[in-house]
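Letter by letter, the sequence shown follows residues 0 to 260 of numbering that gives the first Met the number 0. Note that the Cβ used here is the ideal one computed from N, Cα and C, for glycine as well. Computed from a prediction, not measured in an experiment: that's the story for all the values here. Remarks on the structure that follows.
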Amino acid sequence: MIEGRNENDGRETLPEVVYSRDVDAGPLDVVAVGAHPDDVEIACGGTLAKLAKQGYRVGIVDLTDGEPTPGSRGPEQRLYEARRAAEVLQAVVRVVLPLPNRRLFDSFESRVALATQFRRYRPRLVIGLGAGTPMASPDHEQAQRITEAAVFYSRLTKWDDYFTGLPVHAIGAYLHCYLSLRQLAPPTSGGIVVDISDVIETKLEAIRCYASQFPPEKAHYFDRFRAYAQQQGMAAGFAAGEVLGQPNTWGTRDLMKLVFG
């Protein structure tokens, strides 16, 4: 737990771990990173629910608590919503870092804060936001830069002083997810579609946990979430899907296994 005051805005700092259903939460198979609680649910909540259903150990890291925000009563409500959403997705652990919403920047401190979580939970795969969101929060683009840097920092040796003795950890793979509901296609030149046909309702239920962000007057957003998932899924022959981008080129030694699973 982190206690005390956040020197950036005078508010009480948040506890790092806001939800855990496992006393020994690490290591994890997958960690998804968002700028604010609800980013991950919208961008790749179906993928996380699918992975959890398949038996993989999934974690979530939010870089900020998303506060202040117009429809919320305060940080306590957002933390409650984040906990409920983590339960719906069957995440093993959820961490909310005390970095400042609306003033999130790619800095050395933010990189170390996230890399510390990677070293602590030791994921095989990291999924992070893959692009900015024009006309929406610039925190999303900053989160992409922080995540990419933290993936690198996690494996650096001879830097123990910055990571409280946590051992180095090399992350095996890194993928992008997208908050691109106002674009015709995700901003990726190469990607894969994850079949979320059997967990689309779980994804929507997790998003509905954020009553502060989606009150009744914003109910129409759920039609958009569903339609977007259907569009992305149908492009790959599924009833619903989510696109994950590949920032690095992938190859295969077994083409038939890759093509036919």
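> Should ASP253 go down as buried or exposed, given a rule of 16 or more other Cβ atoms within 10 Å for buried?
Replying inline: Label assigned to ASP253: exposed.
> How many angstroms separate the CA atom of TYR220 from the CA atom of TRP158?
Replying inline: Cα to Cα, the separation comes out at about 45 Å.
> Does DSSP put ARG119 in a helix, in a strand, or in coil?
Replying inline: Secondary structure of ARG119 (DSSP, three-state): helix.
> Among all the DSSP beta bridges, which residues are the ones paired with LEU174?
Replying inline: For LEU174, DSSP records a beta bridge to ILE126.
> Pick from SER109, VAL57 and PRO26: whose alpha carbon is nearest that of GLU40?
Replying inline: Of the listed residues, the one whose Cα sits closest to GLU40 is VAL57.
> Where does PRO97 fall in DSSP's three states?
Replying inline: Strand.
> Between ARG123 and the rest of its own chain, which residues show a CB-CB distance below 6 Å, the 5 nearest in sequence each way excluded?
Replying inline: Result list for ARG123: ASP28 and GLY171, in chain order.
> At least one CB of chain C closer than 8 Å to the CB of ALA34: is that the case?
Replying inline: Considering every chain present, this structure includes no chain C. It has just one protein chain.
>> Given this structure, state the Cα-to-Cα distance separating ALA238 from ALA226, to the nearest angstrom.
In response: Using only the alpha carbons, I get a separation of about 10 Å.
> Touch check for the region 173–191 and the region 124–143: three-plus C-beta pairs under 8 Å?
Replying inline: With three or more CB-CB distances shorter than 8 Å, the region 173–191 counts as touching the region 124–143.
> Should ARG118 be labelled buried (16 or more other beta-carbon atoms within 10 Å of its own) or exposed?
Replying inline: So ARG118 counts as buried.
> To which residues does DSSP link SER196 through a beta bridge?
Replying inline: DSSP output for SER196 lists no bridge partner at all.
> Distance, Cα to Cα, ILE191 vs GLN116?
Replying inline: One C-alpha to the other measures close to 26 Å.
> With a Cβ-Cβ cutoff of 8 Å, do GLY244 and HIS175 count as a contact?
Replying inline: Yes, Cβ-Cβ distance for GLY244 and HIS175 is below 8 Å.
> Should ALA205 be labelled buried (16 or more other beta-carbon atoms within 10 Å of its own) or exposed?
Replying inline: Buried is the label assigned to ALA205, since at least 16 other Cβ atoms lie within 10 Å of its Cβ.
> Three-state secondary structure (DSSP) at ASP61?
Replying inline: Of the three classes helix, strand and coil, the one that applies to ASP61 here is strand, per DSSP.
> Quick one: what's got a C-beta closer than 8 Å to ASP38's C-beta in the same chain, skipping five residues either side?
Replying inline: Taken in chain order, the residues that qualify are ASP61, LEU128, HIS139, ALA142 and LEU178.
> What are the start and end residues of each continuous beta strand (DSSP E) run of 3 or more residues lying completely inside the region 19–78, in chain order?
Replying inline: Here the runs fully enclosed are 29–33 and 57–63.
>> Quick check on DSSP: helix, strand or coil for GLY190?
In response: GLY190 carries a strand assignment under DSSP once its states are collapsed to helix, strand and coil.
>> Are the CB atoms of LEU113 and THR146 within a distance shorter than 8 Å?
In response: Between THR146 and LEU113, the gap from beta carbon to beta carbon is short of 8 Å.
>> As a quick exercise: from ARG121, ASP222 and GLN212, pick the residue whose alpha carbon is nearest that of PRO26.
In response: When each option's Cα is compared against that of PRO26, the closest is ARG121.
> Of all the options VAL150, ALA210 and ALA90, which has the alpha carbon lying nearest to the alpha carbon of VAL111?
Replying inline: Comparing Cα positions, the closest option is VAL150.
> Near GLN89, which residues of its chain fall below 6 Å by C-beta distance, leaving aside the five closest residues on each side in sequence?
Replying inline: If the five residues before and after GLN89 are omitted, its C-beta is found closer than 6 Å to the C-beta atoms of ALA51, all from its own chain and listed in chain order.
> Could you check where the beta strand (DSSP E) with LEU257 kicks off and where it finishes?
Replying inline: That residue, LEU257, is in no beta strand (DSSP E); its alpha helix (DSSP H) goes 254–259.
> For LYS202 versus ALA31, is the C-beta distance shorter than 8 Å?
Replying inline: Here LYS202 is not near ALA31, since their CB atoms are 8 Å or more apart.
> For the putative contact between LEU155 and VAL167, defined by C-beta atoms under 8 Å, what is the C-beta separation to the nearest angstrom?
Replying inline: Indeed they touch by this definition, with Cβ atoms about 7 Å apart.
> Buried or exposed: where does PHE104 fall if 16 or more other Cβ atoms within 10 Å of its Cβ makes it buried?
Replying inline: Exposed, because fewer than 16 other Cβ atoms sit within 10 Å of the Cβ of PHE104.
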